[in-house]
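Engineer: Residue numbers (this note's numbering), protein chains in the order written: chain A, 20 to 129; chain B, 20 to 137.
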Amino acid sequence: GQQLNQSPQSMFIQEGEDVSMNCTSSSIFNTWLWYKQDPGEGPVLLIALYKAGELTSNGRLTAQFGITRKDSFLNISASIPSDVGIYFCAGHYAGNMLTFGGGTRLMVKP
Amino acid sequence: GAVVSQHPSWVICKSGTSVKIECRSLDFQATTMFWYRQFPKQSLMLMATSNEGSKATYEQGVEKDKFLINHASLTLSTLTVTSAHPEDSSFYICSASDSSGVSYNEQFFGPGTRLTVL
Chain A
20 GQQLNQSPQS MFIQEGEDVS MNCTSSSIFN TWLWYKQDPG EGPVLLIALY
70 KAGELTSNGR LTAQFGITRK DSFLNISASI PSDVGIYFCA GHYAGNMLTF
120 GGGTRLMVKP
Chain B
20 GAVVSQHPSW VICKSGTSVK IECRSLDFQA TTMFWYRQFP KQSLMLMATS
70 NEGSKATYEQ GVEKDKFLIN HASLTLSTLT VTSAHPEDSS FYICSASDSS
120 GVSYNEQFFG PGTRLTVL
C-alpha cells in the first residue's frame with residue numbers, strides 16, 4: 020500500500036527559529052494535508068493542499084504540494100513555544116481514506 | 020470547523036471485559052466515519068471505515084470480531100473492543116466526513132479515547 024515518509028522524526032526548536040519538515044511518498048496523492056496533534060488530543064487540520072504545485076499559507080505556516088504529487092513540505096516561521104507538538108502529514112488518493120506520515124515531534128530546546 | 024466528540028475520553032478496564040467508545044458528529048451529518056488507533060509515539064493507523072447503515076470495512080490485520088463497529092445513524096458511530104487485553108491499550112481516535120465521494124472531503128477528528136487494559 021501507499022507509505023508516507025516524514026522527516027525529521029523529531030527536532031528541537033528555539034523560539035524565533037524557522038522550522039521545516041517534509042513528507043515523501045512512493046506513489047502520488049491528490050490531496051496533501053498537514054495536521055498538528057497535542058498530547059492526549061486528536062489531530063487538528065492546519066493546511067490542506069489540493070493541486071500539484073500549490074503553495075498555501077496559514078499565518079506563520081506555509082505548505083506546498085510537490086509538483087510530482089509525491090511530496091509536500093511544511094514550514095513554520097518564527098516559532099513560538101505553543102508550536103510544540105507532533106505534526107503529521109497525510110495524503111489522500113481516493114475514497115476519502117487518508118494515509119498518515121510517521122509524524123515530526125517538535126520540542127523546545129532547554 | 021465541524022465538531023466531533025468522543026466518549027469516554029479515557030477508560031481503564033480489566034482484561035477480558037468489553038469496552039464501547041462513542042463517536043458523535045455534533046453539527047453535521049457524517050456519512051462516513053473512520054476509526055484509528057495510535058500507539059505511543061506512533062502515527063495514526065486506520066482500523067476501519069464505516070458508512071451509515073452499512074457494514075464497516077476493516078483494514079488488513081484488524082479483527083472485525085474483536086473491534087465491532089456500528090454506524091446506525093448519521094451522527095453516531097460506536098467502536099466496541101471485545102474481550103480487551105493489555106495489548107489493546109491504545110489511543111483510539113475517530114473522524115467523521117459528510118461525503119463518501121471520490122474527491123476528498125475533510126475528515127473532522129474527535130479528541131480521542133485513551134484505553135488502558137489492566
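Here a beta-carbon is modelled for each residue, glycine too, at the ideal position from N, C-alpha and C.
(1) Could you pull out every residue in the same chain whose Cβ sits closer than 8 Å to the Cβ of T87 (chain A), ignoring the five residues on either side in sequence?
(2) Give the single residue among B:K33, B:A67, B:I40 and B:G35 whose Cα lies nearest to the Cα of P27 (chain B).
(3) What I want to know is whether the C-beta of F86 (chain B) ends up closer than 8 Å to one or more non-hydrogen atoms of the ligand ATP.
(4) Find out if the Cβ-Cβ distance for the pair H111 (chain A), W51 (chain A) is shorter than 9 Å.
(5) Against chain A, does K60 (chain B) count as a neighbour if the rule is that its beta carbon must be under 9 Å from one of theirs?
(6) Can you look up D117 (chain B) in the DSSP assignment and give me helix, strand or coil?
(7) Show which residues of chain A have a CB atom less than 8 Å away from the CB atom of Q126 (chain B).
(8) Please name the residue, chosen from B:V81, B:E71 and B:S108, that lies closest to S92 (chain B) on a Cα-to-Cα basis.
(9) Are the C-beta atoms of R133 (chain B) and some chain A residue less than 9 Å apart?
(10) If you draw a straight line from the C-alpha of P130 (chain B) to the C-alpha of P62 (chain A), how long is it?
(11) For the region 52 to 77 of chain A, which residues have a CB atom closer than 9 Å to at least one CB atom of chain B, in sequence order?
(12) For H26 (chain B), which residues does DSSP report across the bridge?
(13) Under 8 Å Cβ to Cβ from C113 (chain B), same chain only, skipping five residues before and after it: list those, please.
(14) Applying a beta-carbon distance threshold of less than 8 Å, which residues of chain A neighbour G129 (chain B)?
(15) Counting along the chain, where does the beta strand (DSSP E) carrying G110 (chain A) start and finish?
(16) Cα-Cα, which of A:V127, A:G78, A:S101 and A:L117 is closest to C108 (chain A)?
(17) When you compare the CB of V23 (chain B) with every CB in chain A, is at least one pair closer than 9 Å?
(18) Quick check on the burial criterion: 16 or more other C-beta atoms within 10 angstroms. Buried or exposed for S73 (chain B)?
(19) Enumerate in chain order the residues of its own chain whose CB-to-CB distance from F92 (chain A) is below 6 Å, with the five nearest sequence positions on each side excluded.
(20) How far does the beta strand (DSSP E) with F47 (chain B) in it extend, from its first residue to its last?
(21) Closer than 8 Å by beta-carbon distance: list the chain B residues that pair up with F84 (chain A), in chain order.
(22) I want to verify the contact list: residues of chain A whose CB lies under 8 Å from the CB of Y77 (chain B), in sequence order.
Structural biologist: Looking at the atomic coordinates:
(1) Closer than 8 Å at Cβ, skipping near neighbours: I47 and A71.
(2) In terms of CA proximity to P27 (chain B), B:I40 leads the group B:K33, B:A67, B:I40 and B:G35.
(3) Among the ligands in the structure shown, none appear at all, so the ligand ATP cannot be discussed.
(4) Yes; because the gap between Cβ atoms is below 9 Å, this pair is in contact.
(5) With 9 Å as the cut-off, K60 (chain B) counts as an interface residue toward chain A.
(6) Three-state result, D117 (chain B): coil.
(7) Residues of chain A passing the Cβ test: N115 and L117.
(8) Nearest option by C-alpha distance: B:E71.
(9) Flagged as an interface residue toward chain A: R133 (chain B), by a C-beta distance shorter than 9 Å.
(10) P130 (chain B) and P62 (chain A): Cα-Cα distance of roughly 8 Å.
(11) Within the region 52 to 77 of chain A, the qualifying residues are L52, Y54, Q56, G59, E60, G61, P62, V63, L64, A67 and Y69.
(12) Answer by DSSP bridge pairing, in chain order: B:E41.
(13) Within its own chain, the residues whose Cβ lies closer than 8 Å to the Cβ of C113 (chain B), once the five positions on either side in sequence are excluded, are V23, Q25, I40, C42, M52, F53, W54, Y55, S96, L98, F128 and G129, listed in chain order.
(14) Neighbours of G129 (chain B) on chain A, chain order: G61.
(15) It spans G104 to H111 - the beta strand (DSSP E) in which G110 (chain A) sits, taken as one unbroken run.
(16) Comparing alpha-carbon positions, the option among A:V127, A:G78, A:S101 and A:L117 lying closest to C108 (chain A) turns out to be A:L117.
(17) A Cβ of chain A is located within less than 9 Å of the beta carbon of V23 (chain B).
(18) S73 (chain B) comes out exposed.
(19) Answer for F92 (chain A): N41 and Q83, listed in chain order.
(20) Per DSSP, F47 (chain B) belongs to no beta strand (DSSP E) and is neither H nor E.
(21) The contact set of F84 (chain A) on chain B, defined by CB atoms closer than 8 Å, is empty, because the minimum CB distance reaches about 12 Å.
(22) Ordered by position in chain A, no residue passes the 8 Å Cβ test against Y77 (chain B), which lies about 12 Å from the chain.
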